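Residue numbers for the sequence shown follow full-length UniProt numbering, beginning at 1 and rising by one. Glycine included, C-beta positions come from ideal geometry on N, C-alpha and C. As the structure is a prediction and not an experimental result, all values here were calculated from the model.
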Amino acid sequence: MRTLVIVESPAKAKTIKKQLPKGYQVEATMGHVIDLPKSRLGIDVDNDFQPDYITIRGKGKLLAQLKKDAKKSDRVLLATDPDREGEAISWHVANTLGIDPNSPCRIEFHEITKRAINEAIDHVRAVDMDLVNAQQARRELDRLVGYSISPFLWKKVRRGLSAGRVQSVVTRIIVDREKEIESFVPEEYWNLDLDVTKGGDDREFLAVFYSEDGQTKKIPDAKEADRLEAIVKAHQDMTVVAVQKKKNQQRPPLPFTTSTLQQTAYKALGFTSRRTMSIAQRLYESGRVTYIRTDSTRLAPEAVDEAKQYITENYGEKYLNKQHRAAKKNKNIQDAHEAIRPASLFNTPEQLRAQLEPEDYKLYRLIWQRMVASQMAPAVYDVTRADIACGPLIFRVKGDTMQFDGFTKAMPSAARKDNPLPVLEEGDRVHLEKIHKEQKFTNPPARYNEASLIKLLEERGIGRPSTYAPTIATIKSRNYVETENKRFKPTELGITVTQMMEDYFPDIVDQQFTAKMETELDNVANGTENWVKVMREFYGPFKAELDHAQVHADKIEIKEEVTDVICDKCGAHMVVKEGRYGKFLACPNYPECKNTKPYFEKTGGICPKCGGDLVKRKSKKGRTFYGCSNYPTCDFVTWDKPVAEKCPTCGNTMFQKGLGKRKRVYCLQCEGEPDKHRKGSKSSEETEKRRKIC
């Protein structure tokens, strides 16, 4: 019997072909083959929103070949991805090849292993039209919003802009956070901490001010801090008045969903959501991991059994988690697929390292460790909390020490850092070594980075995990937001467009409305709601808002940034423009003068090789780096950001490596010659001393 199996990607086809016996031919559609036309709306809103599908340009020959292959085959199995997009592709292919979608022609598997593929072939089903209709409704909703509001923005703001059902909400979230930051008023407070020792033990430990006369309080100003410091100085010998000791469990994390994989890969590896999903797709198509688009932490019983076997054989039975832990139920979770996990835990990262690209290996190791850790016992810590009396004041100390490593045996990065204390008992005398008094101010809410933004979107039910990466990429490419220190900041254009959307399309940028639409699409997928009804309820009010905006909205002029760069051809001051590939300089006298130049944002730093300006640049992959403005004459480049302050030793530009607690500011000249530094050579002892000074 000759069987034609149709999948989405060539890489997936290659992997599946190895798992099937003779008589099976595997071909790939390379994504969608049918779609709405790009040049027009392609939706008949007066005829129950019937779509006008056309063959995607370049897919005609492929479909013709699939038809030939189908005629030569005894049966055709549609094995596209197990999600709404995959179901829609199967439906389109079935209609094109003349296959009845209601006949047994569709198979799905969540991992590309021989067992999973054979099991899928044994359970052939019809195309699920509820999933197809959910995909169709989402596609049409996005098309109606994008193809209606985008031309409106071209007319009222400027050409090249776009709006979207999800992207506009995400942009508003970032804009609203910026407004919070700008309106934030910092409040002063003080910290009063003590370095203390216990008699007979030279180890210093930190005691933090907690209360006075039994009342917990904050220190609001310098006057109060000075008063409390005076009390401490008058009572330098202090007494432990209360000790609490207990065991604390650190529970293992649940297996990865699409969202938590994106968040963790960003935090641990610095991967953007788009990069993470691209790598994860390769791992899935090569049969390394299970399906990567899921919102569930559920695991297949055979996966749990395999995990128990692996943990017992490699770590010991005491590391097994005796209690099953499930995620909290959430109304937004569809639970259609199990969690992301390795196809087999016995394929360890080290065993596969030689077969994987470096970034593939890193992500696979992250998935593998998370899966193993999720089935292991909690880590156990001895936690001590003690109160130290200093006259009427109480200072509190906390410490913990690991007693059992549990799941951190497989996932060392999750272990808490030990903070041991000397043995403390009530009545022990404690001696003051040093007082730390520091003025502080409350901080505004932080801007979102990719991880925190994705977490928020998931919590509020905005979009779906599979849409996060393309949505973030879109608002960046449209110049609605930019990244500063790896955090999102709205541009003037993003603020302007968001304000217009709030004024004229309040529902589109309303978080609750968008989340409600996602719920309705889920209901369509579950078969509990009709997709045409959902489209009608959306389109009526939306069309009214659009008609009102077309008449009443005023045109907005966004002033172009004028620079001090003089046009070589006409002598005018060039202005900053936004193009497909980012900012560039253009002559304001266009079209009479069509002169353009590359735009480089000056950092204020001076090149350590030739003395030129250090400017901000972008790599081919979009990463920010810094280089000399005299390139190609001077080839100095660095990933580290030049900072405003100059080196106190030599007066040259300082550079910042890392962010947050990992941040280190250094002077390149004091660390070594530029060429040597770029090659990563070790500093001499003298250079090391000078570096510490810097």
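**Study point:** Span separating the alpha-carbon of TYR210 from that of ILE435
**Key:** One Cα belongs to TYR210, the other to ILE435, and the distance between them is close to 15 Å.
Point to revise | Residue interval of the beta strand (DSSP E) (run including PHE655) | key: Element bounds for PHE655: 653 to 657.
Check your understanding: Pick from THR653, ALA354, LEU659: whose alpha carbon is nearest that of CYS670?
Key -> It is THR653.
Practice item. Look at the alpha carbon of GLU529 and the alpha carbon of ARG138, and state the distance between them as a whole number of angstroms. Key: So the two alpha carbons sit approximately 14 Å from each other.
Exercise for review: Could you check how far apart the C-beta atoms of LEU546 and VAL565 are, in whole angstroms? I think they sit under 8 Å.
Suggested key: Incorrect: roughly 41 Å between the Cβ atoms, too far for contact.
Review point. When the distance is taken between beta carbons, is GLN375 closer than 8 Å to GLN307?
Key: Looking at the sequence provided, one finds Ala at residue 307 rather than Gln. In this structure, ALA307 lies near GLN375, with their beta-carbon atoms less than 8 Å apart.
Practice item. State the Cα-Cα distance for the pair LYS155 and VAL145, rounded to the nearest angstrom. Key: Roughly 16 Å between the two C-alpha positions.
Exercise for review: Below 8 Å CB to CB, which residues in the same chain sit around residue 695 once its five sequence neighbours on both sides are set aside?
Suggested key: The requested residue 695 does not occur in the structure, where the chain is confined to residues 1 to 694.
Review point. What are the boundary residues of the beta strand (DSSP E) that GLY579 is part of?
Key: 573 to 579 is the span of the beta strand (DSSP E), which, as asked, contains GLY579.
Check your understanding: Per DSSP, what kind of secondary structure is residue 715 in: helix, strand or coil?
Key -> It is not possible to answer for residue 715, since the shown part of the chain is limited to 1 through 694.
**Study point:** Close Cβ partners of GLN511 (< 7 Å) along its chain, the five nearest in sequence each way excluded
**Key:** Only VAL169, ARG460, ILE462 meet the Cβ criterion.
Practice item. Counting only the same chain and skipping the five closest in sequence on each side, list residues whose C-beta sits under 8 Å from that of ILE121. Key: Excluding the 5 residues flanking it on each side, ILE121 has same chain C-beta neighbours closer than 8 Å at LEU77, ILE107, in chain order.
**Study point:** Segment limits, alpha helix (DSSP H) that includes THR15
**Key:** Boundaries of the alpha helix (DSSP H) harbouring THR15: 10 to 19, taken from the DSSP string.
Check your understanding: So, is the C-beta of ASP568 closer than 8 Å to a C-beta in chain C?
Key -> In the structure shown, chain C does not exist; there is a single protein chain.
**Study point:** CA nearest to the CA of PHE513, picked from SER273, VAL534, VAL26
**Key:** Answer by Cα proximity: VAL534.
Review point. Would you call the CB atoms of ASN449 and LYS476 closer than 8 Å?
Key: No. Outside cutoff.
Practice item. Report, in whole angstroms, the separation of the C-beta atoms of ASN589 and CYS570, which I expect to be a contact under 8 Å. Key: CYS570 and ASN589 do touch by the CB rule: their CB atoms are close to 6 Å apart, below 8 Å.
Point to revise | Pairwise C-alpha distance: GLN236 and LEU457 | key: Put simply, the backbone Cα of LEU457 is about 51 Å away from that of GLN236.
**Study point:** Proximal residues to GLU438 (C-beta, below 6 Å), its chain only, five neighbours per side dropped
**Key:** Contacts found: ASN191.
**Study point:** Beta-carbon proximity list for VAL380, same chain, < 7 Å, skipping 5 on both sides
**Key:** Excluding positions up to five away in sequence, the list reads LYS247, GLN249, GLN403, PHE404, GLY406.
Point to revise | Collapsed DSSP secondary structure at ASP128 in the structure displayed | key: It is coil, neither helix nor strand.
Check your understanding: Hey, quick one: how far does the beta strand (DSSP E) through PHE404 stretch, first residue to last?
Key -> Per DSSP, PHE404 belongs to the beta strand (DSSP E) from 393 to 404.
Point to revise | Own chain partners of LEU356 with C-beta closer than 7 Å, once the 5 adjacent residues on each side are dropped | key: Apart from the 5 residues on each side of it in sequence, LEU356 sits with its Cβ closer than 7 Å to the Cβ of TYR364 in its chain, given in chain order.
**Study point:** Where the alpha helix (DSSP H) through LYS96 begins and ends
**Key:** In the sequence as presented, Lys is not what sits at residue 96; that position holds Thr. 84 to 97 is the span of the alpha helix (DSSP H), which, as asked, contains THR96.
Review point. Mapping DSSP to helix, strand and coil, what is SER466?
Key: Note: SER466 maps to helix in three-state DSSP.
Practice item. Measure the alpha-carbon distance for GLY527 versus SER273 and round it to whole angstroms. Key: SER273 has its alpha-carbon roughly 31 Å from the corresponding atom of GLY527.
Exercise for review: Work out the CA separation of GLU182 and LEU299 for me, nearest whole Å.
Suggested key: Taking the straight line from one Cα to the other gives about 45 Å.
Check your understanding: At which residue ranges does the region 416 to 446 contain complete beta strand (DSSP E) runs of 3 or more residues, listed in the order of the chain?
Key -> Runs of the beta strand (DSSP E) inside the region 416 to 446: 429 to 441.
Review point. Cβ atoms of PHE538 and LEU66: under 8 Å apart, would you say?
Key: No. Outside cutoff.
Check your understanding: For ASP35 versus ILE56, is the C-beta spacing smaller than 8 Å?
Key -> The answer is yes: Cβ separation under 8 Å.
Practice item. Could you tell me the boundaries of the alpha helix (DSSP H) in which GLU224 lies? Key: From DSSP, the alpha helix (DSSP H) with GLU224 extends over 222 to 234.
Point to revise | Inter-residue spacing [alpha-carbon to alpha-carbon] between LEU194 and GLY427 | key: About 19 Å.
Check your understanding: Which of helix, strand or coil does DSSP assign to LEU4?
Key -> Strand.
Point to revise | Backbone CA spacing between GLU673 and LYS616 [nearest angstrom] | key: Residue confidence is low: GLU673 scores 43 on pLDDT, short of 50, so the model does not pin down where it sits. Its coordinate-derived value is still stated next. The straight-line gap separating the alpha-carbon atoms of GLU673 and LYS616 is approximately 22 Å.
Check your understanding: Skipping 5 residues on each side, what residues in its chain have a beta carbon closer than 6 Å to that of ALA116?
Key -> Excluding sequence neighbours, ALA116 sits near PHE109.
Practice item. Would you tell me roughly how many angstroms separate the C-alpha atoms of THR294 and PRO470, rounded to the nearest one? Key: Rounded to whole angstroms, THR294 to PRO470 spans 16 Å at the Cα level.
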